[in-house]
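Numbering (the numbering used here), first residue to last: 37 to 140.
We put the beta carbon where it would ideally sit given N, CA and C, even for glycine.
Remember, predicted model here, so these are calculated numbers, not experimental data.
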Amino acid sequence: MRDEQLLAYLKGSCSGRKNRVGGTELERTLHVSGTDLRKLVNQLRRKTHPIASDRSGYFYATTAGEVYDTIRQLKRMAAGLEAAINGLERSMDRFREDEEAGHG
């Protein structure tokens with residue numbers, strides 16, 4: 037239900053990049069936390085709604101370019117997360133070495 041409320045708000049008031057709204061303002065307007073807002077945006081995107089975002093806020097995309105920009109941004113974020121996961125996985129070698137040396 038909250039996702040439909042967010043969708044209606046973005047479609048009605050934040051159509052296109054020039055009408056984007058910051059996350060803090062959306063949180064206040066919809067009475068949700070930042071975490072819940074991001075979950076709602078993700079749910080809408082999974083349902084194929086063109087919810088776009090940039091560093092300044094969220095908006096209902098009105099062009100393919102706005103959607104592509106958001107896709108590129110999300111792919112960069114995913115690559116950063118993947119690099120962090122890989123680093124953590126490699127850090128596990130340190131623990132294995134300690135266990136093998138009898139320190140764990």
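Exposure of I107 is indicated by the presence of fewer than 16 other C-beta atoms within 10 angstroms of its C-beta. Secondary-structure assignment with DSSP links A88 through a beta bridge to F95.
Pairing Y94 with P86 gives a Cβ-Cβ distance that is not under 9 Å.
Assignment of V68 by DSSP, reduced to helix, strand and coil, places it in the coil class.
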